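What follows is one structure encoded as structure tokens, with my remarks underneath.
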Amino acid sequence: LGGGNFGHVVKGLYRTPSGQEVPVAVKTLKPNQIANSGEREILAEARTMAQLKHRHIVRLIGVCKEEQFMLVLELAPLGPINKYLKKRPDVSVHTLTELMHQVALGMAYLESCKFVHRDLAARNVLLVTRHFAKISDFGMSKALNFGSDYYRAATAGKWPLKWYAPECIYYFRFDSKSDVWSYGITLWEVYSYG
1 LGGGNFGHVV KGLYRTPSGQ EVPVAVKTLK PNQIANSGER EILAEARTMA
51 QLKHRHIVRL IGVCKEEQFM LVLELAPLGP INKYLKKRPD VSVHTLTELM
101 HQVALGMAYL ESCKFVHRDL AARNVLLVTR HFAKISDFGM SKALNFGSDY
151 YRAATAGKWP LKWYAPECIY YFRFDSKSDV WSYGITLWEV YSYG
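Going by UniProt numbering, the final residue of the sequence shown carries number 194, and the count climbs one at a time with no gaps.
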């Protein structure tokens, strides 16, 4: 289905306790990431996702460790919106607005739960159907400490700078406002069709 810095996402089949087979997405680590704190990071992502329950956020189904750690996630069959739009430039502006409204609802939920996403981009907006979007990839997300309305990173990392507000780049400070900045860049990506 895709891949990134830390691993690959493949399509799988999950058999429920009742015996029903459900298509899922399985996120795995690249072999070199296992030794480089990859397991710790994928477990942190799983902990974040386990706390989130919203119709416009990809659901964590479970964590599996066979030969390596795997996150078992709800499948969004149409994939990332940016790739979908490159193949389907006929999607109406009305439909794009509907989808991005759904992303806004998911982001508002994250803010209400005191989380910052830190990696919102069109590549992390997945389509379940042509009219139903979900936010994915919580590998960089952070829960805000009690009484704090922002997260400050200790050092710069391998960050998606094109989507970051100036205060993120210069002061390593992330909050719901910096997620709104990323949402604005994501709107631009979507309305320019990927």
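Just so you know, even glycine gets a beta-carbon here, dropped at the ideal spot from N, CA and C.
Since the structure is predicted, the reported quantities are computational estimates derived from the model, not experimental observations.
Name the two residues that bound the continuous alpha helix (DSSP H) containing residue i.
i    : result
P166 : 166-171
V128 : Segment 125-129 is the beta strand (DSSP E) holding V128; no alpha helix (DSSP H) there.
N145 : Counting along the chain, N145 falls outside any alpha helix (DSSP H), and DSSP gives it neither H nor E.
V93  : 93-112
Y193 : Where Y193 is concerned, there is no enclosing alpha helix (DSSP H), given that its DSSP letter is neither H nor E.
R88  : Element bounds for R88: n/a, residue is neither H nor E.
Quick one: give me the first and last residue of the beta strand (DSSP E) that residue i is part of.
i    : result
G62  : 60-65
K134 : 132-135
L71  : 69-74
Output needed for residue i: all residues of its chain with C-beta closer than 6 Å, excluding positions within five of it in sequence on either side, in chain order.
i    : result
R15  : E21
V9   : L1, G2, A25, K27
A153 : F172
L52  : none
V58  : L73, E74, K134, S136
W163 : A121, S182, I185
When DSSP labels each residue in this structure, what does residue i get in the three-state scheme?
i    : result
R55  : coil
A153 : coil
V9   : strand
K158 : coil
F25  : First, the amino acid is wrong: residue 25 is Ala here, not Phe. A25: strand per DSSP, three-state reduction.
A121 : coil
G184 : helix
Quick one: what's got a C-beta closer than 8 Å to residue i's C-beta in the same chain, skipping five residues either side?
i    : result
D179 : M107, L110, E111, V116, H117, R118, L120
As a quick exercise: from the options, pick the residue whose alpha carbon is nearest that of residue i.
i    : options               : result
V190 : G19, H94, C113, V58   : H94
Q102 : I61, S141, Y183       : Y183
S192 : L85, V125, L75, A165  : L85
S148 : S176, L105, R59, L60  : S176
E74  : E98, G7, M49          : M49
A143 : C113, V125, I42, Y164 : C113
D137 : R88, Y164, R123       : R123
L60  : E98, A76, E39, F174   : A76
F174 : M140, I185, W188      : M140
V62  : L126, R88, R47, H54   : Strictly speaking, residue 62 in this sequence is Gly, with Val absent from that position. Measuring from the Cα of G62, the nearest candidate turns out to be R47.
E66  : E39, D90, P23         : E39
A165 : I185, G157, T155      : I185
P23  : S92, A104, K11        : K11
H56  : G194, G157, L127      : L127
G7   : L13, I42, S18, A104   : I42
W188 : K87, R88, S92, M100   : M100
In chain order, what residues of the same chain lie with their CB nearer than 7 Å to the CB of residue i, ignoring the 5 residues before and after it?
i    : result
L161 : I169
C64  : M70, V72
E98  : H131
(request) Report yes or no: do the segment 127-144 and the segment 72-82 share at least 3 C-beta pairs separated by less than 8 Å? (result) yes
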